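Undergrad:
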DNA sequence: AAGAGGCCCTGATAGC
DNA sequence: TGCTATCAGGGCCTCT
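Structure representation (structure tokens):
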């Protein structure tokens with residue numbers, strides 16, 4: 012669910028809360044996430060100090076004082092909740108996708124610190140935790156992933172080389188993490204709208220200008236989303252004011268039947284399925 | 001060997 | 001109200 016901007020917001024708030032803090036205890040209530048929580052998980056985390064909370068693509072990366080590294084992926088429905096000890100009213104949802112109240116079900120992992128704890132909730136269990144032994148192995152863990160949109164490596168030369176001999180549609184390309192990592196289903200639609208490109212367009216038909224537009228708008232959309240605090244969709248309500256605001260900027264996502272927001276465009280937003288996922292686009296100005 | 005499709009899961013919502 | 005079907009912000013695996 013969360014795409015790069017949302018994961019970045021979680022990372023920031025996590026870093027603020029737990030950096031230099033020592034983990035007292037870990038409780039695993041359900042280890043059957045997408046990847047089974049390994050047997051050494053508790054031992055790797057408990058009594059360790061959090062050195063830094065970092066991120067690559069949609070992965071949260073937690074550096075521990077032992078030299079080991081914990082990575083967290085939120086999947087489609089993972090959320091992290093922060094609860095002060097003996098004070099359930101100050102519960103803070105560090106993510107975007109649930110109510111501000113701690114859900115009753117699916118609280119799979121608790122990480123206890125001195126004065127607060129973190130709770131990982133994930134109804135669909137597509138998220139996971141992993142322990143990585145070294146920076147070298149971390150690099151290896153992510154080596155199948157393409158550069159982030161902000162990376163200088165994500166440029167025209169790289170773009171054209173990657174799409175050589177490829178026959179997929181441009182929407183499918185944008186959510187291919189091997190091509191560029193961090194873009195998911197929502198932002199892919201938004202990027203293609205700004206680039207004025209039809210999501211069905213085959214990548215072999217993209218000219219230089221198209222590629223440059225995609226590169227430019229990928230950076231722009233994601234940076235802007237981070238600036239706005241991410242996107243909060245569906246029925247998310249938050250009482251602490253930390254709700255994301257980017258959903259107000261959606262030009263096409265979940266706007267089926269509405270009129271195109273581009274100046275002087277008479278088009279209408281439509282939804283069609285590409286590579287098993289919904290795509291939203293203007294049926295007129297995206298060529 | 002790239003690409004399409006299925007699958008892992010639960011919950012919210014729509015339609016009958 | 002209660003059923004069923006569909007869809008959801010991800011990513012990996014298998015088949016062709």
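Numbering (the working numbering), first residue to last: 12 to 298.
Yeah, the Cβ is synthetic: ideal placement off N, Cα and C, and Gly gets one too.
Predicted model, so just to flag it, every value in this text is computed and none were measured.
Alpha carbons only, please: which of 21, 190 and 53 is nearest the one belonging to residue 164?
TA: Working through the first chain from its first residue, we reach residue 164 at position 153. Nearest of 21, 190 and 53 to residue 164, Cα basis: 190.
Undergrad: Buried or exposed, going by whether 16 or more other CB atoms sit within 10 Å of the CB of residue 132?
TA: Indexing the first chain from 1 puts residue 132 at position 121. Classification of residue 132: buried, given that the 10 Å Cβ count is 16 or more.
Undergrad: Going along the chain, which unbroken runs of the alpha helix (DSSP H) with 4 or more residues stay wholly within the stretch 210-248?
TA: 219-238
Undergrad: Whole angstroms is fine: what's the gap from residue 184's alpha carbon to residue 97's?
TA: Taking the first residue of the first chain as position 1, residue 184 is located at position 173. Taking the first residue of the first chain as position 1, residue 97 is located at position 86. About 48 angstroms.
Undergrad: Buried or exposed for residue 59, going by 16 or more other Cβ atoms inside 10 Å?
TA: One-based indexing of the first chain puts residue 59 at position 48. Answer is buried; the Cβ neighbour count reaches 16.
Undergrad: What is the rounded straight-line gap between the Cα of residue 159 and the Cα of residue 67?
TA: As a working mapping, residue 159 is identified with position 148 in the first chain. As a working mapping, residue 67 is identified with position 56 in the first chain. Taking the straight line joining both Cα atoms gives about 8 angstroms.
Undergrad: Closer than 8 angstroms: is that where the CB of residue 221 sits relative to any heavy atom of the ligand FAD?
TA: Absence of the ligand FAD is noted for the structure shown, with no ligands found whatsoever.
Undergrad: Per DSSP, what are the beta-bridge partners of residue 121 in this structure?
TA: The count along the first chain starts at 1 and reaches residue 121 at position 110. Note: residue 121 sits in a beta bridge opposite 38 and 130.
Undergrad: What residues in its chain sit with their C-beta under 8 angstroms from that of residue 124, if we drop five residues either side in the sequence?
TA: Numbered from its first residue, the first chain carries residue 124 at position 113. Around residue 124: 29, 32, 33, 34 and 35.
Undergrad: Rounded to the nearest angstrom, how far is the Cβ of residue 18 from that of residue 69, given a contact under 8 angstroms?
TA: In the first chain, residue 18 corresponds to position 7, counting from 1. In the first chain, residue 69 corresponds to position 58, counting from 1. Contact between residue 18 and residue 69 holds, with the beta-carbon distance rounding to 5 angstroms and staying under 8 angstroms.
Undergrad: Which same chain residues, not among the five before or five after residue 213, have their C-beta less than 8 angstroms away from its C-beta?
TA: The residue given as residue 213 occupies position 202 in the first chain. Cβ neighbours of residue 213 beyond the five flanking positions: 178, 179, 180 and 181.
Undergrad: Is the beta carbon of residue 41 closer than 9 angstroms to that of residue 119?
TA: Mapped onto the first chain, residue 119 falls at position 108. Mapped onto the first chain, residue 41 falls at position 30. Contact flag set, yes.
Undergrad: Have a look at 171, 232 and 296 and flag the residue whose alpha-carbon is nearest the alpha-carbon of residue 210.
TA: By one-based count along the first chain, residue 210 stands at place 199. Here the closest residue by C-alpha is 296.
Undergrad: Report buried or exposed for residue 46, applying the criterion of at least 16 other Cβ atoms within 10 angstroms of its Cβ.
TA: As a working mapping, residue 46 is identified with position 35 in the first chain. By the neighbour-count rule (16 or more Cβ atoms within 10 Å), residue 46 is not buried but exposed.
Undergrad: Please look up how many angstroms separate the CB atoms of residue 91 and residue 129, rounded, as I've assumed it's under 8 angstroms.
TA: Here residue 91 corresponds to residue number 80 of the first chain, with the count starting at 1. Here residue 129 corresponds to residue number 118 of the first chain, with the count starting at 1. Yes, they are in contact, since the Cβ atoms of residue 91 and residue 129 sit about 6 angstroms apart, within 8 angstroms.
Undergrad: So is residue 144 buried or exposed if we call it buried at 16+ other beta carbons inside 10 Å?
TA: Within the first chain, numbered from 1, the residue matching residue 144 stands at position 133. It counts as exposed.
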